[in-house]
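S.K.:
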Ligand code: ADP
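Numbering (UniProt numbering), first residue to last: 1 to 237.
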């Protein structure tokens, strides 16, 4: 199912943070929302999730207009910056958690948690306490937890920022391999162009509340749409 944003606007007080965003996030495609701090990336992600209401415009999941629906009524998988895992639970316990909240029975929960952990190649560590796992392994658990309830879209907010710089390079590549085959739209927020260029099928560069450029990583680097894009990417023109 594709996700469509039509003329999304967001105002906080007197500040126009988003000034009419039109985008499509396609199944099987990784879209990276890139831009400087304060450019509205997280706000846009949270509008897709239903965590923040838009001031104007529409959010469509497939043919359904979900603009008025809160997060509980949308099928979202969300990976938070800190991963926000429960340290006292096992990997499987963390992954099962969203199903427990939904009242899914124990047997089915276990099976679905195993399946989700298998997608991220963590089935063999299902019974480990997450406090004993590495940063990369925890990230995989967080992704499994986001996928366990079969979401319509997977959203990731700065998923690499909690990692130390040495790990970051390796895990960026691993994350690419994990996200690439997923059968849902994936939308990932980062301020780091390196993340964007490794992870993205399409990059959305946000600036001044608008889409400054939309394209493949190569499009942005080889054909920056304007001076603002070139400057953000550090390309001399
Ligand atoms: P980014 O993720 O690109 O760093 P954000 O979406 O977090 O940007 O924020 C965009 C702008 O909106 C910033 O100026 C921020 O201060 C403002 N903002 C975000 N959330 C709120 C809020 N709840 N109330 C007021 N201003 C907000």
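Virtual Cβ for every residue (Gly too), placed ideally from N, Cα, C.
(1) Among 16, 93 and 49, which residue has its Cα nearest to the Cα of residue 38?
(2) Flag residue 42 as yes when its Cβ comes closer than 7 angstroms to any non-hydrogen atom of the ligand ADP, and as no otherwise.
(3) Round the Cβ separation of residue 145 and residue 87 to the nearest angstrom and send it over; I've been treating them as touching at under 8 angstroms.
(4) Go to residue 85, then tell me how far its beta strand (DSSP E) extends in each direction, as first and last residue.
(5) Report the three-state DSSP secondary structure of residue 219 (helix, strand or coil).
(6) Please check the pair residue 95 and residue 116, which I expect to be a contact at CB under 8 angstroms, by giving their CB distance rounded to whole angstroms.
(7) Determine the extent of the alpha helix (DSSP H) in which residue 94 is found, giving its start and end residues.
(8) Any idea what DSSP makes of residue 171, helix, strand or coil?
(9) Identify which residue in 28, 77, 31 and 32 has its Cα closest to the Cα of residue 50.
(10) Can you name the residues that DSSP bridges to residue 56?
(11) Pair every Cβ in the stretch 156-173 with every Cβ in the stretch 102-116, then say whether three or more of these pairs are closer than 8 angstroms.
(12) Would you tell me roughly how many angstroms separate the C-alpha atoms of residue 232 and residue 106, rounded to the nearest one?
(13) Please report the residue range of the alpha helix (DSSP H) in which residue 77 lies.
(14) Measuring CA to CA, which of 14, 224 and 44 is closest to residue 210?
(15) Should residue 14 go down as buried or exposed, given a rule of 16 or more other Cβ atoms within 10 Å for buried?
(16) Any heavy atom of the ligand ADP closer than 7 angstroms to the beta-carbon of residue 12?
(17) Going by the C-beta, is residue 17 closer than 7 angstroms to any heavy atom of the ligand ADP?
(18) Three or more C-beta pairs under 8 angstroms: does that hold for the stretch 121-132 against the stretch 184-194?
(19) When you compare only the Cα positions, how much space is there between residue 239 and residue 108?
(20) For residue 82, is the beta carbon positioned less than 7 angstroms from some heavy atom of the ligand ADP?
(21) So, helix, strand or coil for residue 214, using DSSP?
(22) Does the separation of the CB atoms of residue 57 and residue 6 fall below 8 angstroms?
(23) Please classify residue 205 as buried or exposed, where buried requires at least 16 other C-beta atoms within 10 Å of its C-beta.
M.R.: Inspection of the coordinates gives the following:
(1) 16
(2) yes
(3) Their Cβ separation, rounded to whole angstroms, is 14 angstroms, which puts residue 145 and residue 87 out of contact at 8 angstroms.
(4) Careful: residue 85 lies outside any beta strand (DSSP E) and carries neither H nor E.
(5) helix
(6) 5 angstroms
(7) 91-101
(8) helix
(9) 77
(10) 9
(11) no
(12) 49 angstroms
(13) Premise fails: residue 77 lies in the beta strand (DSSP E), 76-79, not in any alpha helix (DSSP H).
(14) 44
(15) exposed
(16) yes
(17) yes
(18) no
(19) The shown model of the chain, from 1 to 237, leaves out residue 239, and the question about it has no answer.
(20) no
(21) strand
(22) yes
(23) buried
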